[in-house]
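Just add 117 to the spot in the sequence shown (first one is 1) and you have this note's numbering. No residue lacks a Cβ here, since even glycine has one placed at the ideal position from N, Cα and C. Computed from a predicted structure; not experimentally measured. What follows is a single structure, written as structure tokens, with notes after it.
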Amino acid sequence: MGHDRGVSTSERTTPNAWEYIKYCYWAPLPKSMTAWVENDLAGPGASARMVVRWAIPCIIILCPMLFVPADWGVRFTMTAPILIAYLFFSIALNRVYRRHRLAQHGLNPDLVNRLEREKNSDLYDEYHRKYRGEHRRR
């Protein structure tokens, strides 16, 4: 007499909590979640999600510095430069890391630029018409 226990026979298309945490920091997700990964890494808000994901470990590591027995100014000057530099690097390397994650999941790394290309498609079309005398291929 077996129970189903809510186990579905169809493959999931979104990660559970533990899969999401692993995905955020090192592990690829199953192929059934490819559409979710594509939207997460190349969809709206992808850059902000990556900065937040990479800020969390830094904040966790810096939290004990707030308990150092010193003036709040000292505590702030110990933690703020590290956090600010970390955030600058996470912003600067955002596209590089998202391209790597897309390739890790077997997706086209050029998807990182998809939203920018869609937003500026009329400018690209005008450029191709004006300077190349052709319509841009999509």
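Just curious, the alpha helix (DSSP H) that residue 225 is in, first and last residue? Working through the sequence shown from its first residue, we reach residue 225 at position 108. No alpha helix (DSSP H) contains residue 225, which DSSP labels as neither H nor E.
Under a three-way DSSP split, which group does residue 121 fall into? On the sequence shown, residue 121 is found 4 positions in, with the first residue counted as 1. Its pLDDT being 47, under 50, residue 121 is placed unreliably by the model, and nothing is read from it.
So what does DSSP say about residue 171, is it helix, strand or coil? Here residue 171 is taken as the residue at index 54 of the sequence shown, counted from 1. Three-state result, residue 171: helix.
For residue 182 and residue 212, the rounded distance between their alpha carbons: By 1-based counting over the sequence shown, the position of residue 212 is 95. By 1-based counting over the sequence shown, the position of residue 182 is 65. The alpha-carbon atoms of residue 212 and residue 182 are separated by roughly 30 angstroms.
Using DSSP with H/G/I as helix, E/B as strand and the rest coil, what is residue 249? Taking the sequence shown and counting its residues from 1, the one referred to as residue 249 is at position 132. Residue state, collapsed to three classes: coil.
Cβ separation of residue 214 and residue 167, assumed to be a contact under 8 angstroms, to the nearest whole Å: Counted from its first residue, the sequence shown places residue 214 at position 97. Counted from its first residue, the sequence shown places residue 167 at position 50. Yes, they are in contact, since the Cβ atoms of residue 214 and residue 167 sit about 7 angstroms apart, within 8 angstroms.
What are the boundary residues of the alpha helix (DSSP H) that residue 157 is part of? Mapped onto the sequence shown, residue 157 falls at position 40. Unbroken alpha helix (DSSP H) run through residue 157: 151 to 159.
Simplified DSSP state of residue 132, which is helix, strand or coil: As a first step, residue 132 must be located in the sequence shown, where it is residue number 15. Reduced to three states, the DSSP call for residue 132 is coil.
Residue from 145, 149, 136, 143 with nearest C-alpha to residue 74: This structure gives no information on residue 74, because the portion of the chain shown stretches from 118 to 255.
Taking the C-alpha atoms as reference points, what is the distance between residue 144 and residue 233? Counted from its first residue, the sequence shown places residue 144 at position 27. Counted from its first residue, the sequence shown places residue 233 at position 116. Their backbone Cα atoms lie some 27 angstroms apart in a straight line.
Between 169, 147, 240, which has its C-alpha nearest residue 201's C-alpha? Working through the sequence shown from its first residue, we reach residue 201 at position 84. Nearest option by C-alpha distance: 169.
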